[in-house]
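Engineer:
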Amino acid sequence: MNELSATLLPCALWTYLAGMVGAVLFQRAERLANGIGFGLGAVGGFCGILAFATALATGAAAVNQSFDLFPSLIPYVRFSIRADALGCFFGLMVSLLAVAISIYSLGYARGYYGHKNVGVLAAFFNLLLLATTLVFLADNAFFFLVVWEIMAFCGYALVSFEHEKEESRSAGVLFFIMSHLGTGCLILGFLLLFQASGSHGFDSFHALGDQMPEGRRNLVFLLFLFGFGIKAGMIPLHIWLPAAHPVAPSNVSAFMSGVLIKTGIYGITRVCFDFLGSPPNWWGVTVLALGTVSAVLGVLYALMEHDLKRLLAYHSIENIGIILMGLGASLMFLHSGHPVLASLALIAGLYHTLNHASFKALLFLGAGAVLHATHTRNMEELGGLAKRMRWTALFFLVGAVAISALPPLNGFVSEWLTYQSLLQGFGTTPSLIRLMFPLSGAMLALTGALAAACFVKAFGITFLAQPRSDHARHAHEASWPLLGGQAILTAACVFLGLFPTAFLKLLDPVTQQLTGRQLSAQLSAAGGLALSSGTAQGGMVSTPGITLMLLGLLPLPLVLWLVFARKARTRPGPTWDCGLRGLTPQMEYTATGFSKPLRMIFKALFRPRREVQREYDFSPYYARTIRFESHVEEMFQTRVYRPFNLAVLRLSRRLRALQAGSLQAYLIYIFITLLLLLLFAL
Amino acid sequence: MNLNPLAIALQTALLLLLAPLVSGLIRNWKAKLQNRRGPRIWQPYSDLLKFLRKDMVIPEHASWVFGFAPYVVFLSALLAGLMIPMLTAQAPLSLFGGVLAVVGLLALGRFFLALGGLDAGSAFGGMGSSREMTISALAEPAMMLAIFTVAIGVGSTDLSRMVQAGQGPVWKLFNPTHAMAFVALFLVLLAETGRIPVDNPATHLELTMIHEAMLLEYSGRYLALMEWGASLKQLVLMTLLANVFLPVGIAPDTSPAALGVSALALAAKLLVLAAEVVLVETTNAKLRLFRVPDLLGVAFILATLALLSTFFFG
Chain A
6 MNELSATLLP CALWTYLAGM VGAVLFQRAE RLANGIGFGL GAVGGFCGIL
56 AFATALATGA AAVNQSFDLF PSLIPYVRFS IRADALGCFF GLMVSLLAVA
106 ISIYSLGYAR GYYGHKNVGV LAAFFNLLLL ATTLVFLADN AFFFLVVWEI
156 MAFCGYALVS FEHEKEESRS AGVLFFIMSH LGTGCLILGF LLLFQASGSH
206 GFDSFHALGD QMPEGRRNLV FLLFLFGFGI KAGMIPLHIW LPAAHPVAPS
256 NVSAFMSGVL IKTGIYGITR VCFDFLGSPP NWWGVTVLAL GTVSAVLGVL
306 YALMEHDLKR LLAYHSIENI GIILMGLGAS LMFLHSGHPV LASLALIAGL
356 YHTLNHASFK ALLFLGAGAV LHATHTRNME ELGGLAKRMR WTALFFLVGA
406 VAISALPPLN GFVSEWLTYQ SLLQGFGTTP SLIRLMFPLS GAMLALTGAL
456 AAACFVKAFG ITFLAQPRSD HARHAHEASW PLLGGQAILT AACVFLGLFP
506 TAFLKLLDPV TQQLTGRQLS AQLSAAGGLA LSSGTAQGGM VSTPGITLML
556 LGLLPLPLVL WLVFARKART RPGPTWDCGL RGLTPQMEYT ATGFSKPLRM
606 IFKALFRPRR EVQREYDFSP YYARTIRFES HVEEMFQTRV YRPFNLAVLR
656 LSRRLRALQA GSLQAYLIYI FITLLLLLLF AL
Chain B
139 MNLNPLAIAL QTALLLLLAP LVSGLIRNWK AKLQNRRGPR IWQPYSDLLK
189 FLRKDMVIPE HASWVFGFAP YVVFLSALLA GLMIPMLTAQ APLSLFGGVL
239 AVVGLLALGR FFLALGGLDA GSAFGGMGSS REMTISALAE PAMMLAIFTV
289 AIGVGSTDLS RMVQAGQGPV WKLFNPTHAM AFVALFLVLL AETGRIPVDN
339 PATHLELTMI HEAMLLEYSG RYLALMEWGA SLKQLVLMTL LANVFLPVGI
389 APDTSPAALG VSALALAAKL LVLAAEVVLV ETTNAKLRLF RVPDLLGVAF
439 ILATLALLST FFFG
């Protein structure tokens, strides 16, 4: 670690802490608490960006030592952190989002003045920033689990911040339960690692898997995949995600979708690439398959949503899937002995992690601004906001183009890298398993196209045409901190899209640490203006070139205007209304209607159900009121989790007989237990 | 990056001039085959000129997206065209990206086309956007898989490499892998360009329109850009199909003789493809919307089979 980072990093951590303390101390004066809490959050994030970026840029992160944050009084327990390359990369992501979201929150929290405690919100937010940063830096299993739990607890507190709503409370509890299920697995996993190494320092775990017995090693892999998979929202462990992310305050949703779920990705990367040694083939196959399923199902469920924030939450599942595709492919290449390809796939996954953080946080902030202005998340009540909230609409559109993997923005770049690694994967093995690569690629194409459909819907129904309710009609542009936060992330999306070769240099230390290769020079072509697939003939793409050329061709239609259309005039006119008396918002296409074809095509999955009730006086054709209800089945909820819940409840009901309330019976239980234990000890 | 401005200018001109001709040709031949007289081949040019000169009416509910969309649709299709090899094996802008970028650019155009359809606030536009996005989502995996099959054989997503790999004896191109991938991509072409089993380019019946429904509120020069963009996209996809699967006669260098041969070869290939489209359009009825997934499913399965067959013939 170089000197600058070494001073700035503790600076960032202490600033978060100060922000937390300050926000709690001044909670009576909400303006002050807001300013101090989120202001310091932004400052801390800024320090963090500088610290992590310089560490990665100088490559000094590779030489890192662990140092204690503060001396511990308990033996064996050390609060040590170490900023290695992987940690720095994820730390950079937290810091970027910390800056943007904190600035946004300065404005967003004003909406809570007078009826909610802003100080508590800011305090928990800062604690969350601190804990998440430490998750990526913790250098031993004990400390990792401590900050992991603090992070989960802050998440719970923030999800149920609006606790007067039933929805928020139950989502918070679900989040808490699922999170602890995951933590349980992590504890078991770490215990197994501890047993093998005799220490719980992360450096003692390095490549430990190679010395462990095969069965034990696979068990550790599965435990961690399950534990971190829950946090990442991987299907089928995702059910808490679409429940928790939408009900949290929007700034928190942005952070949760942007960073919190990435702690799962971090964990999987850390364990699979650092701890467990050379992976057997089925690990990679499993991760790739789970990624593909998550991507496709995530986007399909997203399409069925008309709650703007729930829609975005399902897209997080999709993008986690895309990230896992990169990681899974990378594991498979490591197994087959192709370190360069493994690095390429790893870069694709990690780059998508950062890209998803920037565009998903941007979209959540946009959704928050819409919610702030209209007080509804229901897309069916929105519309026409592009005229009323020009800047928010523009930022949301940039995010939508980025997440739909369209050139020239960042989503396209990382999916391009994923495609390239999958295509080149075909040649790495002669067995039939290689068909997985192109088929996953095809599923990635399906995912991308469905995501585009979904964001045409999300942007089109929310921002275009006529407003569908009074809420939307009276919407106004968001205040400047809200726009500022979005502008920062928009700039990040554009930068990461247009200058990937400049950014990939920062990933060099990461791949050096995990796969022993540095690829940024190989991936850069045409003097850094184009991104190459790494092999001599694989192919390349130049997002700056595409952008310049789109702008360069723009004069062409303008010349045509000058030559042919000089006399043509432009005037506004009504939209064709089939001769009726004016078009009303009720005649517009709805979000539900927009996704109807896909709902019908994939009806085996969705099992759509609808109910129409008409009340009429003399003929059903002249109804007084029509009530329409439409449902889509969440397959995992009804087929997996509900039966499981019922089984647990049934079992508990049986066991209840044991607890009859009679003291004598309890004494007998104790006696029998004692007897059994004695026998066991003998 | 060394770009050749002359090559860019020439291919731009070729694309812009050829695209309406192909549309006109298909329309004319289709009419002939159906015992109608039909419009002249040159009709699309006159249409474009007329649209360019006309006044424009912008729907009053529309936002800035409505006016932004035609530019994106037109420019993205044009740029995609500059990235595929038409006459020379090396496309003028092949350095900017291979087949993935071409597909991405077409998707970008479609994204804004669909937004433009929604922006006017009429139900027709929304319906068109919804159907367009649905169909394209189903076509995308089949298209990618067919492209992957070729790309894997060549080991590159670079289009000029894909074209160069196809040089050599012609009979080598006629293998089952190629044939199945070709048919898959042809079905995708029908869906993507709004041809008859999927969409009817001649219809003006509101409930069956897809592409037309999205353009309903456009007029004047924006309509010209949209129509031109659509025919450009059609030309791009047809050229892609022709030159990737049958790169016969394509010019290895820029000598006038080679370019002449290449132009003739391209014309012949496009004529054959156009004839195929005409045949399909005339001998088939439009499918019900919910039967379209079956057609695209067939395309996907064919592409998968093509991929599988590389084990036996590859």
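So the protein lines, in turn, are chains A and B.
Under my numbering, the first residue of the first sequence is numbered 6, with each subsequent residue one higher.
Under my numbering, the first residue of the second sequence is numbered 139, with each subsequent residue one higher.
Ideal Cβ placement from N, Cα and C applies to all residues, glycine included.
In this text, all values refer to a predicted model and were calculated from it rather than measured experimentally.
1) If we count the other Cβ atoms within 10 Å of its Cβ and call it buried at 16 or more, is C583 (chain A) buried or exposed?
2) Name the residues in the region 172–203 of chain B whose C-beta lies less than 8 Å from a C-beta of chain A; which are they?
3) From V68 (chain A) to K608 (chain A), what does the alpha carbon distance come to, in whole angstroms?
4) At a CB distance below 7 Å, what residues from the region 232–259 of chain B approach chain A? Give them in sequence order.
5) Confirm, please, whether the CB-CB distance from P514 (chain A) to L534 (chain A) is below 7 Å.
6) Report the option in B:I285, B:G254 and B:L156 whose CA atom is closest to the CA atom of Y356 (chain B).
7) Measuring CB to CB, does A62 (chain A) end up less than 7 Å from S10 (chain A)?
8) Beta carbon of H250 (chain A), beta carbon of S262 (chain A): below 7 Å?
9) Please compile the residues from chain B whose C-beta is within a distance smaller than 9 Å of the C-beta of R576 (chain A).
10) Output yes if chain B places a C-beta closer than 7 Å to the C-beta of G371 (chain A); else output no.
11) Check the Cβ of Q216 (chain A) against every Cβ in chain B and list those closer than 7 Å, keeping chain order.
12) Could you check if E420 (chain A) is buried or exposed, using at least 16 other CB atoms within 10 Å of its CB as the buried criterion?
13) Based on the DSSP output, what are the partners of G578 (chain A) in its beta bridges?
14) Around the Cβ of A340 (chain B), are there at least 16 other Cβ atoms within 10 angstroms (buried) or fewer (exposed)?
15) Going residue by residue through the region 362–390 of chain A, where are the continuous beta strand (DSSP E) segments of at least 3 residues, counting only ones entirely within it?
16) Report the rounded CA-to-CA distance for S363 (chain A) versus I408 (chain A), giving the unit in angstroms.
17) Kindly give me the distance between the Cβ atoms of V436 (chain B) and I334 (chain B), rounded to whole angstroms, as I take these residues to be in contact under 8 Å.
18) When you compare each of B:P177, B:L190, B:G306 and B:L276 to L603 (chain A) by their alpha carbons, which one comes out closest?
19) Which residues mark the beginning and the end of the beta strand (DSSP E) in which T630 (chain A) is found?
20) Please state whether the Cβ-Cβ distance between G480 (chain A) and A573 (chain A) is less than 7 Å.
21) Quick check on this structure: which residue in A:V48, A:D89, A:Y118 and A:F75 has the alpha carbon closest to the alpha carbon of N39 (chain A)?
22) Looking at the C-beta of M139 (chain B), does it have a partner C-beta in chain A at a distance below 7 Å?
23) Figure out for me which residue from B:L156, B:M194 and B:K168 has the closest Cα to the Cα of Y183 (chain B).
24) Going by DSSP in three states, M545 (chain A) sits in which element: helix, strand or coil?
25) Please determine, among A:T397, A:Q491, A:A652 and A:F95, the residue with the shortest C-alpha to C-alpha distance to R275 (chain A).
26) I want to verify the contact list: residues of chain A whose CB lies under 7 Å from the CB of P279 (chain B), in sequence order.
27) Of the residues that make up the region 416–440 of chain B, which ones have a beta carbon closer than 7 Å to any beta carbon in chain A?
28) Output needed in chain order: residues of the region 586–600 of chain A with a Cβ under 9 Å from some Cβ in chain E.
29) What does T272 (chain B) reach in chain A if we use C-beta pairs closer than 8 Å?
30) Cutting at 7 Å between CB atoms, please list the residues of its own chain near L451 (chain A), excluding the five before and the five after it.
31) Count the other CB atoms, across all protein chains shown, that sit within 10 Å of the CB of K365 (chain A); report buried if there are 16 or more and exposed otherwise.
32) Please classify L150 (chain A): does DSSP put it in a helix, a strand, or coil?
33) At what residues does the beta strand (DSSP E) containing R614 (chain A) begin and finish?
34) Quick one: using the 10 Å Cβ neighbour count with 16 as the cut-off for buried, is L437 (chain A) buried or exposed?
35) For the region 353–368 of chain B against the region 302–316 of chain B, do three or more pairs of beta-carbon atoms, one drawn from each stretch, fall closer than 8 Å, so that the two count as touching?
36) Using CA coordinates, which residue listed in A:N286, A:Q527, A:C52 and A:A58 is at the minimum distance from P15 (chain A)?
Structural biologist: To lay it out plainly:
1) exposed
2) Going along the region 172–203 of chain B in chain order, one finds L187, L190, R191, K192, D193, M194, V195, I196, P197, E198, H199, A200, S201, W202 and V203 with a Cβ nearer than 8 Å to chain A.
3) With a pLDDT of only 47 at V68 (chain A), under the threshold of 50, the placement of this residue in the model should not be trusted; the figure read from the coordinates follows. Near 54 Å, if we compare the C-alpha coordinates of K608 (chain A) and V68 (chain A).
4) L233, F234, G235, G236, L238, A239, G242, L243, A245, L246, F249, A252, L253, L256, D257, A258 and G259
5) no
6) B:G254
7) no
8) yes
9) D193, M194, V195 and I196
10) So no, G371 (chain A) is outside the interface.
11) Here the premise fails: no neighbours, minimum Cβ distance about 38 Å.
12) Around the beta carbon of E420 (chain A), 16 or more other beta carbons sit within 10 angstroms, so the residue counts as buried.
13) DSSP, once it has assigned bridges, lists B:P197 as partnering G578 (chain A).
14) exposed
15) none
16) When rounded, the distance between both Cα atoms is 10 Å.
17) About 16 Å; that fails the 8 Å criterion.
18) B:L276
19) A628 to H636
20) The displayed chain sequence assigns Ala, not Gly, to residue 480 (chain A). No; because the gap between Cβ atoms is not below 7 Å, this pair is not in contact.
21) A:Y118
22) Confidence at M139 (chain B) is low in this model, with a pLDDT of 48, below 50, so its placement is unreliable and the value that follows should be read with caution. Yes - at least one Cβ of chain A is within 7 Å of the one on M139 (chain B).
23) Of B:L156, B:M194 and B:K168, the residue nearest in Cα terms is B:L156.
24) strand
25) A:F95
26) A447, M448, A450 and L451
27) L427, F428 and P431
28) In summary, chain E is missing from the structure at hand, where the protein chains are A and B.
29) A458, P602, L603 and I606
30) V301
31) buried
32) helix
33) If you look at R614 (chain A), you'll find it in the beta strand (DSSP E) that goes R614 to Y621.
34) Per the 10 Å Cβ criterion, exposed.
35) no
36) A:C52
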